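Trainee:
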Amino acid sequence: MKKNIILFDLDGTLLNTEEGISKCVRHALEKFGIQEEDQKKIRRFIGPPLFDSFQREYGFSEEDSWKAVAYYRERYDDIGVWECKLYPQVEETLQKLSERGYRIGVASSKPEKFCPLLMKHFGIDKYFEVIGGATSDGKAGSKAAVLEDVLKRFGVTDKNEVVLIGDTRYDALGAKEVGIDCIGITYGFEQDMDSMRKAGAHICDTLEEVVAYLEE
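So the number in the working numbering is just where the residue sits in the sequence shown, counting from 1, plus 5.
This is the structure in C-alpha coordinates:
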(Lines of atoms letter the chains of each structure in order from A and count residues from 1; the text may use other names and numbers.)
(Lines give C-alpha, C1' and ligand atoms only; values in the text may rest on other atoms or scores of the structure.)
Protein backbone atom coordinates (compact mmCIF):
# COMPACT_ATOMS: atom_id res chain seq x y z
CA MET A 1 0.00 0.00 0.00
CA LYS A 2 1.89 3.06 -1.25
CA LYS A 3 0.40 6.23 0.18
CA ASN A 4 1.67 9.78 0.62
CA ILE A 5 -0.93 11.19 3.03
CA ILE A 6 -1.90 9.42 6.24
CA LEU A 7 -5.01 10.68 8.05
CA PHE A 8 -5.78 9.67 11.62
CA ASP A 9 -9.08 9.62 13.41
CA LEU A 10 -8.70 11.00 16.95
CA ASP A 11 -11.04 9.41 19.51
CA GLY A 12 -10.27 5.71 19.76
CA THR A 13 -7.32 5.88 17.37
CA LEU A 14 -4.77 8.37 18.72
CA LEU A 15 -6.42 9.10 22.07
CA ASN A 16 -8.31 6.94 24.52
CA THR A 17 -11.09 9.41 25.32
CA GLU A 18 -13.51 6.96 26.90
CA GLU A 19 -13.36 8.44 30.40
CA GLY A 20 -14.16 12.03 29.44
CA ILE A 21 -16.80 11.24 26.83
CA SER A 22 -18.52 8.68 29.07
CA LYS A 23 -18.78 11.05 32.00
CA CYS A 24 -20.11 13.84 29.80
CA VAL A 25 -22.71 11.62 28.12
CA ARG A 26 -23.90 10.48 31.54
CA HIS A 27 -24.00 14.12 32.69
CA ALA A 28 -26.28 14.94 29.76
CA LEU A 29 -28.51 11.91 30.26
CA GLU A 30 -28.96 12.69 33.94
CA LYS A 31 -30.53 16.01 32.93
CA PHE A 32 -33.29 13.91 31.38
CA GLY A 33 -33.57 11.61 34.41
CA ILE A 34 -31.71 8.76 32.71
CA GLN A 35 -29.20 6.72 34.72
CA GLU A 36 -27.30 4.59 32.20
CA GLU A 37 -25.32 1.67 33.67
CA ASP A 38 -24.49 -0.07 30.38
CA GLN A 39 -21.00 1.09 29.41
CA LYS A 40 -21.24 -0.65 26.03
CA LYS A 41 -24.14 1.63 25.15
CA ILE A 42 -22.22 4.69 26.32
CA ARG A 43 -19.21 3.65 24.23
CA ARG A 44 -21.33 3.82 21.09
CA PHE A 45 -21.29 7.61 21.50
CA ILE A 46 -17.57 7.67 20.78
CA GLY A 47 -17.00 8.36 17.09
CA PRO A 48 -20.24 9.52 15.45
CA PRO A 49 -21.75 12.99 15.95
CA LEU A 50 -23.34 13.37 19.40
CA PHE A 51 -26.62 14.70 18.00
CA ASP A 52 -27.11 11.52 15.98
CA SER A 53 -26.14 9.30 18.92
CA PHE A 54 -28.72 10.74 21.32
CA GLN A 55 -31.41 10.14 18.71
CA ARG A 56 -30.17 6.67 17.82
CA GLU A 57 -29.60 5.33 21.32
CA TYR A 58 -32.44 7.01 23.24
CA GLY A 59 -34.97 8.06 20.62
CA PHE A 60 -34.59 11.75 21.48
CA SER A 61 -36.41 14.31 19.38
CA GLU A 62 -34.33 16.84 17.46
CA GLU A 63 -35.02 19.44 20.14
CA ASP A 64 -34.01 17.15 23.00
CA SER A 65 -30.95 15.95 21.10
CA TRP A 66 -29.68 19.52 20.76
CA LYS A 67 -30.39 20.09 24.45
CA ALA A 68 -28.46 16.93 25.30
CA VAL A 69 -25.50 18.09 23.21
CA ALA A 70 -25.53 21.42 25.10
CA TYR A 71 -25.60 19.60 28.46
CA TYR A 72 -22.72 17.42 27.27
CA ARG A 73 -20.70 20.51 26.38
CA GLU A 74 -21.29 22.00 29.84
CA ARG A 75 -18.95 19.43 31.30
CA TYR A 76 -16.82 18.56 28.30
CA ASP A 77 -15.50 21.98 27.33
CA ASP A 78 -13.69 22.56 30.64
CA ILE A 79 -13.26 19.12 32.19
CA GLY A 80 -14.06 16.18 29.93
CA VAL A 81 -11.79 17.22 27.07
CA TRP A 82 -8.73 16.59 29.25
CA GLU A 83 -9.89 13.22 30.61
CA CYS A 84 -7.98 11.18 28.02
CA LYS A 85 -4.58 9.66 27.25
CA LEU A 86 -2.47 8.64 24.28
CA TYR A 87 -2.69 5.05 23.17
CA PRO A 88 0.55 3.02 23.25
CA GLN A 89 2.87 3.43 20.23
CA VAL A 90 1.21 6.63 19.02
CA GLU A 91 4.15 9.00 19.33
CA GLU A 92 6.64 6.41 18.08
CA THR A 93 4.42 5.70 15.07
CA LEU A 94 3.99 9.37 14.19
CA GLN A 95 7.73 9.94 14.43
CA LYS A 96 8.44 6.93 12.24
CA LEU A 97 5.92 7.98 9.57
CA SER A 98 7.24 11.55 9.62
CA GLU A 99 10.83 10.38 9.21
CA ARG A 100 9.78 8.26 6.23
CA GLY A 101 8.33 11.29 4.48
CA TYR A 102 4.60 10.81 4.90
CA ARG A 103 2.34 13.83 5.16
CA ILE A 104 0.18 13.35 8.24
CA GLY A 105 -3.17 14.79 9.26
CA VAL A 106 -6.05 14.44 11.71
CA ALA A 107 -9.66 14.01 10.54
CA SER A 108 -11.90 13.87 13.61
CA SER A 109 -15.63 14.16 14.29
CA LYS A 110 -14.69 16.04 17.46
CA PRO A 111 -15.22 19.83 17.23
CA GLU A 112 -12.13 21.19 15.51
CA LYS A 113 -11.38 23.76 18.21
CA PHE A 114 -10.39 20.94 20.59
CA CYS A 115 -8.21 18.93 18.21
CA PRO A 116 -5.09 21.13 18.03
CA LEU A 117 -5.32 21.82 21.78
CA LEU A 118 -5.18 18.10 22.51
CA MET A 119 -2.37 17.48 20.05
CA LYS A 120 -0.35 20.25 21.66
CA HIS A 121 -1.20 19.02 25.17
CA PHE A 122 0.31 15.61 24.37
CA GLY A 123 3.25 17.08 22.46
CA ILE A 124 2.44 15.52 19.10
CA ASP A 125 1.12 18.56 17.19
CA LYS A 126 4.48 18.91 15.39
CA TYR A 127 3.78 15.79 13.34
CA PHE A 128 0.59 17.04 11.68
CA GLU A 129 0.32 19.17 8.58
CA VAL A 130 -3.47 19.50 8.92
CA ILE A 131 -5.57 19.01 12.07
CA GLY A 132 -9.22 18.91 11.06
CA GLY A 133 -12.47 18.28 12.89
CA ALA A 134 -16.15 19.13 12.85
CA THR A 135 -16.72 22.82 12.22
CA SER A 136 -19.03 25.10 14.17
CA ASP A 137 -20.69 26.37 10.99
CA GLY A 138 -22.07 22.89 10.34
CA LYS A 139 -20.35 22.53 6.96
CA ALA A 140 -18.15 19.69 8.24
CA GLY A 141 -20.18 17.54 10.62
CA SER A 142 -20.31 14.00 9.25
CA LYS A 143 -17.12 11.97 8.89
CA ALA A 144 -17.30 12.26 5.13
CA ALA A 145 -17.67 16.05 5.32
CA VAL A 146 -14.70 16.31 7.69
CA LEU A 147 -12.62 14.16 5.36
CA GLU A 148 -13.54 16.24 2.31
CA ASP A 149 -12.54 19.38 4.20
CA VAL A 150 -9.20 17.89 5.25
CA LEU A 151 -8.47 16.61 1.74
CA LYS A 152 -9.14 20.10 0.38
CA ARG A 153 -6.75 21.63 2.91
CA PHE A 154 -4.07 19.14 1.89
CA GLY A 155 -4.63 20.04 -1.76
CA VAL A 156 -5.25 16.42 -2.70
CA THR A 157 -5.64 15.76 -6.41
CA ASP A 158 -5.28 11.96 -6.33
CA LYS A 159 -7.31 10.24 -3.61
CA ASN A 160 -5.41 7.00 -4.23
CA GLU A 161 -2.52 8.60 -2.35
CA VAL A 162 -4.57 8.94 0.87
CA VAL A 163 -5.54 6.49 3.61
CA LEU A 164 -7.55 7.03 6.80
CA ILE A 165 -6.67 5.14 9.98
CA GLY A 166 -9.66 4.84 12.28
CA ASP A 167 -11.37 2.63 14.83
CA THR A 168 -15.09 2.58 13.92
CA ARG A 169 -17.47 1.76 11.10
CA TYR A 170 -18.12 5.50 10.77
CA ASP A 171 -14.48 5.99 9.77
CA ALA A 172 -14.66 3.17 7.23
CA LEU A 173 -17.98 4.35 5.81
CA GLY A 174 -16.81 7.97 5.65
CA ALA A 175 -13.63 6.96 3.84
CA LYS A 176 -15.63 4.85 1.40
CA GLU A 177 -18.02 7.74 0.73
CA VAL A 178 -15.22 10.15 -0.20
CA GLY A 179 -13.25 7.53 -2.14
CA ILE A 180 -10.17 6.89 0.00
CA ASP A 181 -8.82 3.72 1.59
CA CYS A 182 -9.22 2.93 5.27
CA ILE A 183 -7.24 0.94 7.80
CA GLY A 184 -9.27 -0.12 10.83
CA ILE A 185 -7.59 -0.74 14.17
CA THR A 186 -9.04 -3.15 16.74
CA TYR A 187 -7.93 -1.49 19.99
CA GLY A 188 -10.43 1.39 19.73
CA PHE A 189 -14.17 1.64 20.33
CA GLU A 190 -15.81 -0.36 17.53
CA GLN A 191 -17.80 -3.29 18.91
CA ASP A 192 -18.42 -4.94 15.53
CA MET A 193 -15.27 -5.24 13.45
CA ASP A 194 -17.17 -7.03 10.68
CA SER A 195 -18.95 -3.74 9.99
CA MET A 196 -15.57 -2.18 9.19
CA ARG A 197 -14.57 -5.07 6.96
CA LYS A 198 -17.87 -4.83 5.09
CA ALA A 199 -17.14 -1.13 4.49
CA GLY A 200 -13.84 -2.11 2.88
CA ALA A 201 -11.36 -1.42 5.68
CA HIS A 202 -8.19 -3.45 6.11
CA ILE A 203 -7.94 -4.47 9.77
CA CYS A 204 -4.83 -4.21 11.95
CA ASP A 205 -4.45 -4.96 15.66
CA THR A 206 -1.63 -2.53 16.43
CA LEU A 207 -0.01 0.59 15.02
CA GLU A 208 3.11 -1.47 14.33
CA GLU A 209 0.99 -3.58 11.97
CA VAL A 210 -0.34 -0.40 10.37
CA VAL A 211 3.17 0.83 9.58
CA ALA A 212 4.18 -2.55 8.19
CA TYR A 213 1.07 -2.61 5.97
CA LEU A 214 1.76 0.91 4.71
CA GLU A 215 5.28 -0.14 3.75
CA GLU A 216 4.23 -3.22 1.77
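For every residue, glycine included, the Cβ atom is placed at its ideal position computed from N, Cα and C.
Quick caveat, the model's predicted, so the values are computed rather than measured.
For A139, does the three-state DSSP call read helix, strand or coil?
Mentor: strand
Trainee: Under three-state DSSP, which class holds N21?
Mentor: It is a strand residue.
Trainee: What does the Cβ neighbour count give for D176, buried or exposed, with the cut at 16 atoms within 10 Å?
Mentor: buried
Trainee: Are three or more beta carbon pairs between the stretch 183-190 and the stretch 149-164 nearer than 8 Å?
Mentor: Counting Cβ pairs under 8 Å, three or more are found: they touch.
Trainee: Between which residues of its own chain and G38 is the CB-CB distance below 8 Å, once the five residues before and five after are set aside?
Mentor: none
Trainee: Does DSSP put A112 in a helix, a strand or coil?
Mentor: Looking at A112 - three-state DSSP - the assignment turns out to be strand.
Trainee: Could you give the DSSP three-state label for G179: helix, strand or coil?
Mentor: Note: G179 maps to helix in three-state DSSP.
Trainee: Less than 8 Å separating the beta-carbons of F56 and S70?
Mentor: yes
Trainee: Can you check DSSP and say which residues form a bridge with D186?
Mentor: In the DSSP output, where bridge partners are listed per residue, D186 has V168.
Trainee: Where does the unbroken beta strand (DSSP E) through L12 begin, and where does it stop?
Mentor: Here the beta strand (DSSP E) through L12 covers 10-13.
Trainee: So within the stretch 32-64, which uninterrupted alpha helix (DSSP H) runs reach at least 4 residues, ignoring any that extend past its ends?
Mentor: 44-48, 55-63
Trainee: Can you list, in chain order, the residues of its chain with a C-beta nearer than 8 Å to that of L102? Leave out the 5 residues immediately preceding and following it.
Mentor: I11, I109, Y132, V216, L219
Trainee: Please report the straight-line C-alpha distance between E42 and E35, rounded to a whole angstrom.
Mentor: If I take the Cα positions, the gap works out to 12 Å.
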